[in-house]
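Take a look at the structure below.
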Amino acid sequence: MQVSSLNEVKIYSLSAGRSLPEWLSDRKKRALQKKDVDIRRRIELIQDFEMPTVSTKIKVSRDGQYIMAVGTYKPRVRCFDTYQLSQKFERCLDSEVVTFEILSDDYSKIVFLECGRFVEFHSQHGHYYRTRIPKFGRDFSYHYPSCDLYFVGASSEVYRLNLEQGRFLNSLQTEASESNVCDINPVHFLFAMGTAEGKVECWDPRTRSRVGLLDCALSSVTADTEIEGLPSISALKFDGALNMAVGTSTGQVLLYDLRSSNPLIVKDHHYGLPIKSIQFQHQLDLIISADSRIIKMWNKDTGKIFTSMEPEHDINDVCLYPNSGMLMTANEAPKMNIYYIPVLGPAPKWCSFLDNLTEELEENPESTVYDDYKFVTRKDLENLGLAHLIGSSLLRAYMHGFFMDIRLYHKAKMMANPFAYEEYRREKIRQKIEETRAQRVQLKKLPKVNKELALKLIEEEGEEQQISKKRKQKNLPSLLKDDRFKVMFENPDFQVDEQSEEFRLLNPLVSKISEKRKRKLKILEELEAQGQEEEEEPEGKASDAESSESSDDEKGWVEEVRKQRKLLRQEEKLKRQERLKEDQQTLLKPQFFEIKEGEEFRSFKDSAKKQKLMKKTLEDRLKLEEKLGTLNVSDTTVGSKQATFKLKKSEQQRKQQEAEKRHRQERKSLRRSASHLKSRRGRGRLF
């Protein structure tokens with residue numbers, strides 16, 4: 001369980017921590033829980049409360065027993081039973097769900113609006129019926145008195161589907177080009193829809209006529225807000241008979257009284273992201289608004305912020321469990337988050353143990369990290385010369401480092417590097433001078449590495465700009481300004497070796513062009529050395545010269561390749577001659593080797609004899625060994641021959657054998673003397 005606090009409001013994240021995979025056995029899960037403290041301390045409120053990849057919408061049934069969520073991939077709906085704290089069922093769908101509505105008190109009647117203009121009805125047993133609407137839908141609402149479904153989407157019409165008669169009714173014609181969201185007031189059943197033009201149209205379902213129009217786009221623009229483009233309506237929610245909250249695509253929430261066309265409060269999220277969800281909390285008179293990054297809770301009378309939450313992943317939907325302090329979110333991640341805020345209300349009946357847990361945590365508060373402390377690692381302490389303080393009260397161990405007082409840290413840093421402020425001041429002055437220089441006319445500064453390649457790219461870029469101006473095309477990005485190729489002009493390891501064999505053979509005509517570039521490089525370097533601030537432009541070429549060079553290049557390519565090959569051969573001959581001269585000049589000096597202990601020196605003739613023996617046949621070698629006595633050949637009864645060899649022993653082995661013989665003889669003599677003494681004592685006793 002992760003605890004965070006903002007404005008003295010504690011928020012308990014019940015879904016924080018690692019989740020165990022389903023395929024693990026119970027034995028392995030128990031073993032992991034014993035080893036890992038985080039797994040042991042985590043709270044899995046509802047088992048497998050997640051989606052395969054992403055969850056898009058989440059809602060609670062009216063009786064509070066079932067939590068339903070839709071997500072991908074594959075498109076599916078999952079129903080969780082809060083009384084059993086586990087998943088009740090899972091159903092896969094043909095296409096992704098835009099939104100859904102639970103019509104009954106439990107999960108027995110559900111309507112899904114899908115991406116492919118399909119409307120799918122599910123009953124308690126599963127799929128019941130599927131139909132299609134004329135245009136792509138974005139939201140729908142259910143009118144309980146008439147059993148009508150109102151669909152809004154990429155059309156100026158609002159489609160009505162009567163579930164009692166089972167047919168489409170006459171649609172409502174609006175002034176909007178497209179509609180994003182809609183809602184029906186639970187008290188007087190007024191139908192409201194938010195349009196792409198930033199307006200809210202209110203309709204009376206009884207007379208099927210428009211009764212009001214609110215221009216929220218103009219009202220959302222205040223002195224403090226910065227808006228790019230026309231804000232459209234992205235969220236809509238009624239509260240009671242008279243209040244209505246509207247969320248815009250630019251991150252503003254407007255609270256209206258239906259009796260006035262001006263908003264009571266305009267609340268800005270300051271992120272510029274569209275509002276995804278709006279919820280009302282009646283116990284504390286709060287409005288819970290959420291975009292994809294943050295969930296904000298603020299007072300609906302004053303607009304003062306109550307608290308806020310920033311989950312790790314983007315938010316798709318927010319659901320407040322009725323009459324409790326529990327909040328659930330659908331995210332751009334497999335796991336769906338569950339938050340418990342005790343200030344908003346008590347825990348639901350099915351997880352009343354949360355109240356006891358939070359009370360115990362409040363009785364034993366954990367230490368928090370303050371701004372007046374600095375986190376340092378062991379390496380930082382060694383650099384500051386404070387390694388001797390490890391173990392003292394001035395350092396507090398935490399994770400892979402220590403906490404220390406920020407004042408002590410600043411003093412130690414000043415003593416370790418007293419000229420840090422002067423270096424900082426010089427750097428700031430240098431930056432300001434460079435900023436002023438940027439406004440002047442600058443020379444073309446070439447990089448230190450691959451100057452010729454950079455000059456070639458600059459020339460090609462200038463030619464391409466001229467061609468694009470004539471053809472009225474967009475300029476392509478330069479390689480010199482691209483961060484991906486930045487290292488090629490900074491790291492000397494990427495320097496092009498023009499003297500290599502591969503470069504000279506593959507680029508035979510580069511030598512002519514490179515000479516011209518070298519001249520330009522010399523001119524640029526001289527200008528830089530003199531400090532001139534005049535822009536040097538590469539000289540242009542005449543049209544006749546270009547045509548003549550293009551024709552000559554085709555003819556002279558083969559000749560240039562031949563020349564390069566001849567030069568390479570001459571260079572190889574010169575290298576060989578230099579190596580021969582070096583070999584002739586070198587004098588061979590005698591080398592002396594030390595003989596190991598226990599070995600005898602043998603002349604080099606022995607090695608020559610061995611080489612001669614290795615050249616002889618096996619028969620000759622056997623005859624020679626037989627003469628020396630190291631080989632004995634005898635005939636067997638079967639007719640074959642048997643050969644026995646005597647291995648030559650080294651001097652060390654001979655010495656070891658002689659020592660062993662002496663040792664055996666000494667032991668034998670000792671045994672004989674001992675037996676002689678025993679026999680003499682025995683005789684003395686007899687007499």
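Residues 1 to 687 (UniProt numbering) make up the sequence shown, in order.
Built from N, CA and C at the ideal position, the CB exists for glycine as well.
Annotation: the continuous beta strand (DSSP E) that includes residue 234 extends over 233-239. With a minimum length of 3 residues, the unbroken runs of beta strand (DSSP E) contained wholly in the region 280-319 fall at 286-290, 295-299, 305-309. Each residue's CA atom was taken as its position, placing residue 303 and residue 267 some 7 Å apart. The beta-bridge partner set that DSSP reports for residue 122 consists of 110, 127.
The Cβ neighbour count for residue 147, taken over all protein chains shown within 10 Å, is under 16; the residue is labelled exposed. Taken atom to atom, the span from the alpha-carbon of residue 194 to that of residue 490 is near 55 Å. Ranked by how close their Cα comes to the Cα of residue 190, the residues 163, 358, 237 have 237 in first place.
Judged by beta-carbon spacing, residue 135 lies beyond the 7 Å limit of residue 116, meaning their Cβ atoms are not closer than that value. When the five nearest sequence neighbours on each side are left out, the beta carbons in the same chain lying within less than 7 Å of the beta carbon of residue 281 are those of 288, 320, 344, in order along the chain.
Secondary structure of residue 496 (DSSP, three-state): coil. In this structure residue 356 is exposed. Its beta-carbon is surrounded by fewer than 16 other beta-carbon atoms within 10 angstroms.
Annotation for residue 167: the continuous beta strand (DSSP E) segment containing it runs 167-173. Per the Cβ contact rule, the region 159-177 is not in contact with the region 227-234 (fewer than 3 Cβ pairs under 8 Å). Counting only the Cα atoms, residue 434 lies some 50 Å from residue 559. In this chain, the beta strand (DSSP E) harbouring residue 142 covers 137-143. The residue from 294, 121, 403, 322 with its alpha-carbon nearest to that of residue 312 is 294. Exclusion of the five residues before and after residue 81 leaves 65, 66, 88 as the residues of its chain whose Cβ lies within less than 7 Å of its Cβ. In this structure, the alpha-carbon of residue 70 lies about 8 Å from that of residue 51. Counted as a single uninterrupted DSSP element, the beta strand (DSSP E) harbouring residue 162 occupies residues 157-162. For residue 568 and residue 501, the gap between their C-alpha atoms comes out near 7 Å. DSSP places residue 74 outside both helix and strand once states are collapsed to three, so it counts as coil. Bounds of any alpha helix (DSSP H) do not take in residue 336, whose DSSP letter is neither H nor E.
Here residue 616 carries a coil assignment [DSSP, helix/strand/coil]. In the DSSP assignment, residue 105 falls outside any alpha helix (DSSP H), carrying neither H nor E. Between residue 307 and residue 7, the C-beta gap is smaller than 7 Å, which places the two residues in contact.
The beta-carbon distance between residue 496 and residue 503, rounded to whole angstroms, is 7 Å. This is short enough to meet the 8 Å contact definition. Within its own chain, the residues whose Cβ lies closer than 8 Å to the Cβ of residue 401, once the five positions on either side in sequence are excluded, are 375, 376, 377, 378, 380, listed in chain order. For the pair residue 341 and residue 43, the CB atoms are not nearer than the 7 Å cut-off.
Straight through space, the alpha carbons of residue 56 and residue 336 are spaced by roughly 10 Å. In the DSSP assignment, residue 209 falls within the beta strand (DSSP E) that extends over 209-215. Here residue 317 is buried: its Cβ has 16 or more other Cβ atoms, across all protein chains shown, within 10 Å. In the DSSP assignment, residue 415 falls within the alpha helix (DSSP H) that extends over 406-416.
If you draw a straight line from the Cα of residue 131 to the Cα of residue 53, it is about 28 Å long. Taking a 10 Å sphere around the C-beta of residue 415, we find fewer than 16 other C-beta atoms and assign the residue as exposed. The C-alpha of residue 672 lies about 11 Å from the C-alpha of residue 679.
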